[in-house]
Amino acid sequence: MRTRSLGTTGPEVPVLGLGCMGMSDLYGPAVADDGIATIHAALDAGLTLLDTGDFYGAGHNELLIERALRGRREKAVISVKFGALRGPSGDWLGFDGRPEAVKNALAYSLGRLGVDYIDIYRPARLDPAVPIEETVGAIGEMIEAGYVKHIGLSEVGAETIRRAAAVHPIADLQIEYSLLSRDIEREILPACAELGIGLTAYGVLSRGLLSGHWTPDRDLPADDFRAISPRFQGENLRRNLELTDALRRVAEAKGATPAAVAIAWVLTRGEHVVPLVGARKPERLAEALAAVDLELSEADLAEIEAAVPAGAAAGPRYPEPLMEHLDSEH
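If you want it as structure tokens, here you go:
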């Protein structure tokens, strides 16, 4: 498996990472044994970067990863997001980036994961009430204490990235990036390249829209984020699936799947960019792995751009109340 460096100070990781959220939360019912089998398949294939959040299933995802990594901890690079506050019903209550909250959340994550340290620790969102310098500084103290190896960021804008990097080296920024979500190309992606910060891209298949498997008549449970996602509603969904159909035609001409082409496209966006694939079952992981060996020529890239032009997505990537929490969008 080829590798890329997460920035000038971060770890070497495979060119793909595994996003584990859907194994526990936000995409409807999931089977724990499927998640564990997928993590094992990822490790066996050389995908060592595992991304999670302490709020995914109220800690369930970290406990799942602990089970999957028994006897395999040394093979994994664990990335953890913290700070998102949720109620018993799963509702979103805000974000806590206070230094004392950083250390408290870290203590619980170390316990649930059953590890002595976390490879990359990052606030899930910017806490508007706490300067990013204070949050990053607190993680820096945990690095000095040996509980964390590297600092990451998530869904923040170029100005916040610069302020954070002035306090402590930043390994990577985690942010949504796909053929349907390209706004970061204006300021955020160049800022990361300039500062020597890696980028771990989530949502590379736009939560399934670009997978080639989505159908307009699919029923969604109430606890599936896509039930409220603007891009999956009514006319927006119809228009977005038309883009997927156009991408499918490009993929079929190359003997590939739309998912593999969409992931391979993200891989072309810079040597500092690492896509995170959100597979929940080994067979979906295998489909994503096909992107690693899929070579895209300049002609292929032009066809992909024509099929899914920048800015063509119908609808914002989050409902408006959640968009307000994204420093990257302001």
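Its first residue numbered 1, the sequence shown is counted upward by one per residue in full-length UniProt numbering.
Using N, Cα and C, we set each Cβ at its ideal position, and we do this for glycine too.
Since the model is a prediction, treat every value here as computed from it, not as a measurement.
Contact between Gly157 and His325 fails: their C-beta atoms lie close to 13 Å from each other, not under 8 Å. Between Ala264 and Asp245, the alpha-carbon positions lie close to 17 Å from each other. Each of Gly311, Ile39, Tyr117, Glu271 was checked against the Cα of Leu180, and the nearest Cα belongs to Gly311. Listed in chain order, the beta strand (DSSP E) elements of length 3 or more contained wholly in the region 152 to 213 are 172 to 176, 198 to 202. In the DSSP assignment, the residues bridged to Ala84 are Phe95. Setting aside the 5 residues that flank it on each side, Thr48 is surrounded in the same chain by Val13, Pro14, Lys75, Ala76, Val77, each with a C-beta closer than 7 Å to its C-beta; the list follows chain order. Around the beta carbon of Thr52, a 10 Å sphere encloses 16 or more other beta carbons of the protein chains shown; the residue is thus reported as buried. In the structure shown, the three-state DSSP call for Ser79 is strand.
In the same chain as Gly46, and ignoring 5 residues on each side of it, the C-beta atoms closer than 6 Å to its own belong to Met1, Pro14, in chain order. At a cut-off of 3 residues, the continuous stretches assigned as beta strand (DSSP E) that sit fully inside the region 46 to 78 are 49 to 53.
Asp223 places its beta carbon less than 9 Å from that of Leu26. Each residue's CA atom was taken as its position, placing His213 and Glu287 some 12 Å apart. DSSP places Arg2 outside any beta strand (DSSP E), giving it a letter other than H or E.
Assignment of His150 by DSSP, reduced to helix, strand and coil, places it in the strand class. For Pro14, the three-state secondary structure derived from DSSP is strand. Using a C-beta cut-off of 8 Å, the region 200 to 213 makes no contact with the region 34 to 43, since fewer than three inter-stretch Cβ pairs fall below that distance. Short of 7 Å from the beta carbon of Glu155, and not among the five residues preceding or following it, lie these beta carbons of its own chain, in chain order: Arg125, Ile175, Leu326, Asp327, Ser328. Membership of Asp245 in any beta strand (DSSP E) is not indicated; the residue belongs instead to the alpha helix (DSSP H) covering 234 to 253. Bridge pairing for Arg122: Lys81 [DSSP]. Ranked by Cα distance from Ala259, the first of Glu271, Gly97, Leu294, Ala227 is Leu294. By the 16-neighbour rule on beta-carbons within 10 angstroms, Tyr318 is buried.
Contact annotation: the region 111 to 128 touches the region 136 to 151, with at least three C-beta pairs closer than 8 Å. Going by C-alpha positions, Asp54 is about 7 Å away from Glu62.
A direct Cα-to-Cα measurement between Ala84 and Cys192 gives close to 24 Å.
With contacts defined as CB atoms closer than 9 Å, Ser211 and Ala251 fail to qualify as a contacting pair. Comparing C-alpha distances from Ala302 to each of Ala291, Thr268, Leu285, Pro316 shows the shortest one belongs to Thr268. Out of Gly140, Leu64, Glu187, Val102, the CA that lies nearest to the CA of Ile39 is found in Leu64.
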